[in-house]
Amino acid sequence: MKNILALFLTMGLLSSCGIKEMADEARDNLRKTGNAVHLQVLTVALQEMVAPVNTESLTPPVRMFPAGETFSNEASAREATEVFHTFLVDVKLGGMTTKANPTPRDVRLEGRKVSLAAAGVISAFLPHQKFAEILDNQVGRGRYEDTAYVIALTRYTYLRDFFFASVVERSERVNMDSVRKAVEYFSEIKYIAKLPYVDRLRLYVPQFVLVPSVDGSNNGQDTLEDLDITINPTEYKLLARKAIRRFERDEVLKDQLYNTEEGQRLLAIFQAE
Amino acid sequence: MMKPFLSLAVGIALLSAGSFGSVVQMTGTPKDVDVAGKIYKVHPTATLNTLNGPTELKLTGYGVRQKSVAFVKVNVYLATSYVDLDTQISTNNPIDSMKNSKGRVIVLDMLRTMSAADIRTAFEEALDVNGVDVNSKAVQSVFSKFTGDLREGDRIILASYPGERAAETLVIELPKTQIQETGNFLGLDFWKIWFGEPVDALMGELKSRLTGAKK
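In order, the protein sequence lines correspond to chains A and B.
One point on numbering: in the numbering used here, the residue at position 198 of the first sequence is 198, and numbering is uninterrupted.
So the numbering used here is basically just the index in the second sequence, starting at one, shifted up by 273.
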């Protein structure tokens, strides 16, 4: 009887070990599959962003937006920082062009523009929490502190020139949803403008902009100018007034802004110091 | 006897929107200005025809308004500025030096296609930076007539001239519309877009070209 009991116990132990091993293996496989899918999403998104068909026009680089949004949502704060950093290095080194017969200078300039556009798109689509995490992890203590400042700068610039402007300046019709979206972009712009280290947000790239000769200046030769971008920390006030002016121009929306609870709340966000 | 007839003729010309005659005639031998491979004519002088009679104007400067969109500079328009012969533009405080001007003209040759609403937004922003009340009746009256699309190659002419006391008449000629409005320092207020506090560094660049501080 004792021998039979021992046999059952041994069998039980063996079989439970087998189940545990199987579960561990399955979990490990799931993790690997998850990682593979994660990396595939990032890789494909990056490939899409810099594909020639998506980089023909960079003002704004709208064709990069879908893949850029996917990348920024999928990447961890660390991964987004590192990829942004890589693009930033490329801005200083050069890369590819979409021209059929490029000169060496075209190659360098086009490549740098594409990389900067891709970096800008990634920074603009980062969810707020991820962006805040990048700043928390890098400012004052991270390996990519300089890069974190440029991420904030490009995010600010893209949100202002493309996202906020698309609602406030380029929409033929505006409604309450336009106001909600504008407030969302505006809040992020203001968040960056009010960072205590906003004076450190600067992007300086020597000889980045090709300036055509005007009226025979520079003996008719194009010149290369430095790119030097900073943030005006009070500009958000102008943007707020611009938005209010645009929304007030629509009589129906103006009425909703001043006479509904939500309208007043959104308006107050623009008006707050 | 002749003067009332002249005023009437000018008045009719000003009011006949749609097929309006310009209040500005370019004069003198033009200079070819090459902007990104396209040639634009810049005249050394112009005549402003208003109810006050003709006013001879001289070129103060010209330059390209560029706008930085994200990290790329785009050409928006070629601006050419004229003032009456007696006005001496101060490069330090050009707006102040233009206060008593008998006539001012700015010609904008569009270098890219934009909607009039885009231009309006840009003007409003620049006026705002300069402390001009964008919601004032006169300014709003001007902007309410600011409609249509502006294509590359189109021309906008802004002219302003003094009336009684602080009143100034502002005329804006769009390709299909002529806008005319009178208000206290209305012209001077609009001239702050180019000669006042620049809305951005690139407008500052244009300002120094229009005042002749930079060639």
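From the three backbone atoms N, C-alpha and C, an ideal C-beta is built for every residue, glycine too.
Since this is a predicted model, take the numbers as computed values, not measurements.
Could you check how far apart the C-beta atoms of residue i and residue j are, in whole angstroms? I think they sit under 8 Å.
i, j, result
"residue 442(B)", "residue 450(B)", "Between residue 450(B) and residue 442(B) the Cβ distance is about 16 Å, and since that is not below 8 Å, they are no contact."
"residue 386(B)", "residue 424(B)", "5 Å"
"residue 465(B)", "residue 405(B)", "6 Å"
"residue 75(A)", "residue 42(A)", "6 Å"
Would you check if the distance between the CB atom of residue i and the CB atom of residue j is smaller than 7 Å?
i, j, result
"residue 58(A)", "residue 113(A)", "yes"
"residue 183(A)", "residue 244(A)", "no"
"residue 489(B)", "residue 389(B)", "The structure shown does not extend to residue 489(B), since chain B spans only 274 to 488, so no value can be given for it."
"residue 122(A)", "residue 72(A)", "yes"
"residue 134(A)", "residue 81(A)", "yes"
"residue 331(B)", "residue 351(B)", "no"
"residue 179(A)", "residue 266(A)", "yes"
"residue 91(A)", "residue 116(A)", "yes"
"residue 458(B)", "residue 439(B)", "yes"
"residue 481(B)", "residue 487(B)", "yes"
"residue 203(A)", "residue 257(A)", "no"
"residue 306(B)", "residue 337(B)", "no"
"residue 93(A)", "residue 149(A)", "no"
"residue 452(B)", "residue 415(B)", "yes"
"residue 181(A)", "residue 167(A)", "yes"
"residue 374(B)", "residue 360(B)", "yes"
"residue 297(B)", "residue 319(B)", "yes"
Closest by CA to residue i, which one among the options?
i, options, result
"residue 260(A)", "201(A), 209(A), 245(A), 176(A)", "176(A)"
"residue 333(B)", "402(B), 376(B), 327(B)", "376(B)"
"residue 195(A)", "264(A), 53(A), 156(A)", "156(A)"
"residue 163(A)", "241(A), 20(A), 23(A), 62(A)", "62(A)"
"residue 399(B)", "417(B), 475(B), 353(B)", "475(B)"
"residue 343(B)", "262(A), 230(A), 250(A), 264(A)", "230(A)"
"residue 185(A)", "55(A), 161(A), 141(A)", "161(A)"
"residue 227(A)", "321(B), 346(B), 304(B)", "346(B)"
"residue 197(A)", "124(A), 139(A), 88(A), 165(A)", "139(A)"
"residue 146(A)", "88(A), 56(A), 169(A), 25(A)", "88(A)"
"residue 473(B)", "339(B), 294(B), 299(B)", "339(B)"
"residue 317(B)", "303(B), 410(B), 310(B), 311(B)", "303(B)"
"residue 250(A)", "384(B), 430(B), 382(B), 417(B)", "417(B)"
Going by DSSP in three states, residue i sits in which element: helix, strand or coil?
i, result
"residue 446(B)", "strand"
"residue 55(A)", "coil"
"residue 341(B)", "strand"
"residue 66(A)", "helix"
"residue 273(A)", "coil"
"residue 191(A)", "helix"
"residue 348(B)", "strand"
"residue 197(A)", "coil"
"residue 231(A)", "coil"
"residue 122(A)", "helix"
"residue 29(A)", "helix"
"residue 158(A)", "helix"
"residue 244(A)", "helix"
"residue 35(A)", "helix"
"residue 294(B)", "coil"
"residue 486(B)", "coil"
"residue 288(B)", "At residue 288(B) the pLDDT is 44, less than 50, meaning the model places this residue with poor confidence; the figure from the coordinates comes in the next sentence. Correct three-state label for residue 288(B): helix."
"residue 362(B)", "coil"
"residue 145(A)", "helix"
"residue 170(A)", "coil"
"residue 318(B)", "strand"
"residue 383(B)", "strand"
"residue 268(A)", "helix"
"residue 274(B)", "With a pLDDT of 43 at residue 274(B), under the threshold of 50, the modelled position of this residue cannot be trusted; read the value that follows with caution. Correct three-state label for residue 274(B): coil."
"residue 457(B)", "strand"
"residue 441(B)", "strand"
Whole angstroms are fine: how far does the CA of residue j sit from the CA of residue i?
i, j, result
"residue 364(B)", "residue 238(A)", "26 Å"
"residue 65(A)", "residue 132(A)", "21 Å"
"residue 272(A)", "residue 412(B)", "26 Å"
"residue 110(A)", "residue 437(B)", "56 Å"
"residue 199(A)", "residue 403(B)", "24 Å"
"residue 447(B)", "residue 432(B)", "12 Å"
"residue 119(A)", "residue 301(B)", "50 Å"
"residue 206(A)", "residue 326(B)", "53 Å"
"residue 27(A)", "residue 78(A)", "24 Å"
"residue 479(B)", "residue 335(B)", "8 Å"
"residue 83(A)", "residue 242(A)", "34 Å"
"residue 96(A)", "residue 86(A)", "Confidence is the limiting factor: at residue 96(A) the pLDDT is only 46, short of 50, which leaves the residue's position unreliable, though a coordinate-based value still follows. Approximately 15 Å, taken between the alpha carbons."
"residue 255(A)", "residue 246(A)", "13 Å"
"residue 49(A)", "residue 136(A)", "27 Å"
"residue 34(A)", "residue 52(A)", "29 Å"
"residue 20(A)", "residue 4(A)", "24 Å"
"residue 323(B)", "residue 434(B)", "8 Å"
"residue 422(B)", "residue 371(B)", "31 Å"
"residue 124(A)", "residue 188(A)", "10 Å"
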